[in-house]
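Protein chains in written order, with numbering that gives the first Met the number 0: chain A, 0 to 385; chain B, 0 to 459; chain C, 0 to 394.
The beta carbon of each residue, even a glycine, is placed where N, CA and C say it ideally should be.
Notes follow the structure.
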Amino acid sequence: MDTVNKPISDKVSKLGYALTGIGLLIIVASFLTNKQRGAFDYLWIYMFLTSVGIGGLALTALEYLVGATWSVPFRRVCEFLAGIIPLLIILVVPLIFTMGDLFHWLHPEPGDEILAAKKPYLNMNFFLIRVAFCIVVWFIFYFFFTRNSKKQDTTKEPGLTRTNIKLSVVFAPLFFISMTMAAIDWMMSLEPHWYSTIYGVYYFAGTIVCTLAIVTFISIHLKENGYLNPRVSNDHFYSLGTLLFGFNIFWAYIAFSQFVLVWYADIPEETVWYMQRWHHGWQYVSLGLLFFHFVIPFLILLPRSIKVNLKVLKVMSVWMVLAHMLDLYWLIMPTYSSSPVFGWQELGMLLFAPGLIIVVFTMKANKENITPVGDPKLEAGLNFTL
Amino acid sequence: MAFDSTYTRELPLVDSRSSFAEIDDTVLAPTERKPSKKWFVAFLMANTALLIGAICVGYTLYYGIGMWGNNNPVGWGFDIINFVFWIGIGHAGTLISAILFLFRQKWRTAIARFAEAMTIFAVMTAGIFPILHTGRPWLAGYLLPYPNQNALWVNFTSPLLWDVFAVSTYLTISFVFWGIGLIPDIALMRARAVSGIKKSIYAILSLGWKGSNRDWQNYERVYLILAGLSTPLVLSVHTIVSFDFAVSVIPGWHTTIFPPYFVAGAIFSGFGMVSTCLIILRKVYDMENIITLNHIEKMNKILLATGTMVGYAYGMEFFIAWYSGNPFESFVFINRAFGPYAWAYWIMIACNVGFPQLFWFKKIRRNIGITFVLVLLVNVGMWFERFVIIVTSLHRDFLPASWGMYIPTMYDLGILLGSFGLFFTLLLLFVKVMPSVSLAEIKAVVPGAQPTHHHHSEEH
Amino acid sequence: MLKKILKLDEDLAKDGPRSSKVHSVAALFDTPDEIIHAAAETSNAGYDKYDVYTPYPVHGMDAAMRMKETVIGKFAFLAGFTGVSLAVAMIGYMSGFDYKNIIGGKPFFNLPASIPIMFELTVLISGLFCVFGMLLLWNKLPQISNPLHDTNFMKYTSSTRFGVAIEASDAQFDVDKVKSFLAGVGGKDIEVVYYPEENIVPQTPIFNRQFIYTLILVAIVTALGTYGAIGKLVNILPFDWMHNQFKVNPQNTSTLFKDGRSMQRPVDGTVARGYMPYEYTGMPDSLVKLLSNPVPMDEKSITRGKKQYNTYCSPCHGYFGAGDSRLNGQFPNPPTLHSKKVREWADGNIYNVMTNGQNTMPSYAKQISRDDRWAIVNYIRVLQRAENAKDTDLP
């Protein structure tokens, strides 16, 4: 087995630290100048990091669950991305302290019967319990998945794969419940009167697209710089590209389903959410999301030849990550402002998130193997051909 | 294979290392032998059901759809329930042939052909119901936009018209997908055929396929493109069926999760039916080597997964009905669970979410008897899911003054029975005259069927 | 089963007389590795009119044969694009232009509701193009009588073994050389395939006389069938018993009458039901009072009269006839019905006012039927009596 074990170049980690540092400074400044805007921006980037973290965990679990072999050489990338999950425990703190600025349901107008009826769900204590539940679930599974996977590097014991398969089976339903909970709590309840049963699935679709894009980007980068086994071929990247393409269509499908049902039935209590996103400049963001997240990537990624063109695929994966950011921005920010805002505060967030991902990734990559060398499926994964 | 296959779940696809000739003989045996007594008994039963259904359809045509139990609050009854049920059954076929193909799930090869045939027959059966429900089926041509003497065009904003396009596209594409899959196998049957008549028929049906690699190259690419097209197509069909309900403003129908929820339910019910039929087929035609216990287990896993997804949707609907703070929404769901049709609701929950949980246990997944009972329950549960969605949402809407009950008549039941009769008649004829396992595909995944990897890389 | 296959061999050998014209030389191979090797060697040796025959697609064969990528995918994309354009054009023209209908308050042509059909047509046209393009254009099927069919070679390559066939049309073709070449790369059961006798002169089927006759026959049958179907079948009304009933329809013929019309002119002086002529218009009150009330004063007529009175009269005269309705003061005040004048009027006078109007009051003959007007008169009498009740009225 020819594995490559060299540290990630200093340049990359320096870039990561620089971005994180600058981002952190801007976040602090943002909170100091306009607490509410800071809170909303921060929620935006917190949800993005949650996407990446739980997306990485979900892809790891998915590989075990379906018994895929081709993705084994990339699994560590997913696991490293899931390394953001422990950080979520710290990252969530500023949000807890600014909940009053974020959530209308914490201080409803007197006489608002609907919010009064929702009180058993939307109240501070239960909310905090749910937040804790989600993060704890993710953390526990993150801990066990990666521990077993890491242990396997040295022990080469195939039984650990079996353990992780069992874990993934338990994780699958818990993941869907916790992810739906997080999506409803942090984002849907920003507009507490509005509701949509598909919301959790929508967030899930975006999460997977975003994480697949990051995994694709990092994998191509690692491949270009010789960190991956040379047997990782175009067929592997073709599969990644196809998944990215497929899940992007899935996202569009879910988004369209939600939109068309609300649009068609035309019930005011539901359309209000879209009306907010169709006035005072938000309509350009909405249309932009349609083209930026779906139409253009769909047309670019459609041909077979593009999915094995690593240069284009790399650009498109960055594109899709930005698209997911735009998606979250579109979900969260209309509650804050009736017309789209983008200033140095938001830019700070845009620097902070990738910075943090780079920092986490390089730290993990320098400590652990980039390829799960002890995995019994690795050989089959490297031999994978279409 | 260098790795321990247990951990990759790539269990052997064909048991006991069957040779190509053995596979041919096993799969083609039903088409080359006189059918057994069992087959005739089954065929007779299916035909009886079909005849009962035909008589009930005849009555319906003669006297009109007043023969059915549909009434004023419940304007959609068995007709739409059965339509959605059968369309759903069809979805497993496309899932197996297209989605699992794209995911390179090689185990699909043993069951793909049969499931595709089921898709076509199920969609054909489903198509009967909305056409009958138009009341005057002989005027169904007006559903298509063609320049007619009334200078009318169809209503493109209606989800029922989307259904017309979706279902007919689905039937066409499934049919050609199935058809091109059959071509190489029929060419093989041509080469094996003894009698002149059979040979000529197979020669025409196989279009003179030679199996040359220059043909295979195009064939494989088209198969891939069709799989790529069918995957969103299969999603779109049940999505559009769900739109029939969800674009309305009826509580219990208008909910945004309907599209993915219907698709998951359709795949669930389809797999239930595929399992039901395959368990019988492998037994009757001694195909235990080709449709192995591993296949049954994989399908049971998919049943577990999709059943749980459906459970997620049930939960989500219930939660959001409460969370919405809308008294009508909450009422519909409470009425479902505790109203006059509560029995149907709990049958649905038990069969779709409850019993499939038994599939968590490996022993049960690999036990043919229990599996058979469970998949039958899945069929029942999914039929009741449509019953619950349609009837309970309609029978008590906003105004208590317009509440009512829905009781099917014997004509409803007769047509339902007849739809099963039609489906199984077609299926039995199919397994008699066509290879029910794709020979070209299954041979390609038999161990040793593909060149060894090192040799392959030398050629580059 | 094995015996059956062996017997099959004999049958196949007998199949159709073969000429002496060589189509190709074919060799069989047992394993996929062998066939890949043989294909690569054949390609390297510079043959181009050859093909590899396998029961299923063998991985890596395209590369071994040095084949170009197929372009079907690009055409499928174009077909899909055609589909989506067609859908937009169709819906745009039909819903947005030719037959505008407001449905659910949506715009005539709207994108969200068009997307399902746009998608379906994309898939339909792209899928059908792929399949028929692949079969007809790329693989040139149907080709039912290729010389390779019904040979021992084809029997094996469609089932269990793999084969290479080098065709006689290749520039380097020479039977013996090719035979030894194939043997050299490991080919077994090398076979020379001859054209079947009827196939020696390749004939375009279009100029085949039988084909043309069949075509003409099909055209005639189709034309007649279509004519019959459109002219007769389509116009048949199934279950038409509500449409055709035993009754005389207006504007139709009838054998009952001499002039053959179903509609007859009424006899002179016929009065239509409910249209009794009113002869007291413009006459002085003293004459009008001779008009007598045909409607008896009973509970039924009073109830009816009350309903009609409340609907038509009360807006001005008030619910109790006192002339005190909500419109009081906005018009010349309507008079009370309890005045001495009205009380002393005969029923005919009140009826006359309702029928012809008086001062500002218009005629109500159009709105209220004759009997209802009389019923109102009865009700007015009840109101008048109630207003001037005597002690003796009490029970």
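- For the C-beta of B/P446, not a single chain A residue is nearer than 9 angstroms; the gap to the nearest is close to 14 angstroms.
- For C/R369, the enclosing alpha helix (DSSP H) begins and ends at 369-386.
- Per the C-alpha coordinates, the member of C/S368, C/N351, C/L393, C/D346 positioned closest to C/Y378 is C/D346.
- C/A88 and B/P144 have their alpha carbons spaced roughly 13 angstroms apart.
- Along the segment 249-263 of chain B, going in chain order, the ones with a CB nearer than 9 angstroms to a CB of chain A are H253, T254, T255, I256, F257, P258, P259, Y260.
- The beta carbons of A/R74 and A/P371 sit closer together than 7 angstroms.
- Distance from the CA atom of B/I369 to the CA atom of B/V430, rounded to whole angstroms, is 25 angstroms.
- Residues of the same chain with a CB within less than 7 angstroms of the CB of A/A352, apart from the 5 flanking positions on each side, are I44, F47, L48 in chain order.
- Closer than 7 angstroms to the CB of C/P293 there is not a single CB belonging to chain A.
- DSSP, reduced to helix, strand and coil, places C/M360 within a strand of the structure shown.
- With respect to the C-alpha of C/L336, the residue from C/Q329, C/F330, C/Y308 having the closest C-alpha is C/Y308.
- By the 16-neighbour rule on beta-carbons within 10 angstroms, C/R372 is buried.
- With a cutoff of 7 angstroms on beta-carbon distance, C/V24 and C/I165 are scored as near each other.
- If you check the CB distance, C/Y55 and B/A97 do not come in under 7 angstroms.
- Residue range 161-166 is occupied by the beta strand (DSSP E) that includes C/I165.
- DSSP lists no bridge partner for A/D40.
- Assigned with DSSP and collapsed to three states, B/H253 falls in coil, not helix or strand.
- For the 7 angstroms CB-CB criterion, B/M298 and B/S323 do not form a contact.
- The beta carbons of B/E115 and B/G89 sit no closer together than 7 angstroms.
- Secondary structure at B/Y405: coil, using DSSP grouped into helix, strand and coil.
- Interface residue (Cβ-Cβ distance to chain A less than 7 angstroms): C/P56 is not classified as such.
- For A/V259, the chain C residues whose Cβ falls inside 7 angstroms of its Cβ are P111, in order along the chain.
- A Cβ-Cβ distance of about 7 angstroms is found for the pair B/F155 and C/A112, placing them in contact under the 8 angstroms criterion.
- Rounded to the nearest whole angstrom, the C-alpha separation of C/W240 and C/K246 is 12 angstroms.
- If you look at A/V214, you'll find it in the alpha helix (DSSP H) that goes 198-223.
- For C/W137, the chain B residues whose Cβ falls inside 7 angstroms of its Cβ are N217, in order along the chain.
- Against chain C, a Cβ distance below 9 angstroms from A/D265 picks out G103, G104, K105.
- Contact annotation: B/Y61 and A/F175 have beta-carbon atoms that are not nearer than 7 angstroms.
- By the rule that beta-carbons nearer than 7 angstroms mark a contact, B/Y311 touches chain A.
- Proximity of chain C to B/I179 at the Cβ level (cut-off 7 angstroms) is accounted for by V130, in chain order.
- In the pairwise beta carbon analysis, the segment 65-72 of chain A is classified as not touching the segment 339-346 of chain A: fewer than three pairs are separated by under 8 angstroms.
- Note that the segment 292-299 of chain A does not touch the segment 142-150 of chain C; fewer than 3 beta-carbon pairs, one per stretch, sit closer than 8 angstroms.
- Exclusion of the five residues before and after B/I346 leaves F383 as the residues of its chain whose Cβ lies within less than 6 angstroms of its Cβ.
- Burial is judged here by how many other beta carbons sit within 10 angstroms of a residue's own beta carbon; C/Y274 has fewer than 16 and is exposed.
- Closer than 7 angstroms to the CB of B/G324 there is at least one CB belonging to chain A.
- In the DSSP secondary-structure assignment, C/R260 is bridged to C/T252.
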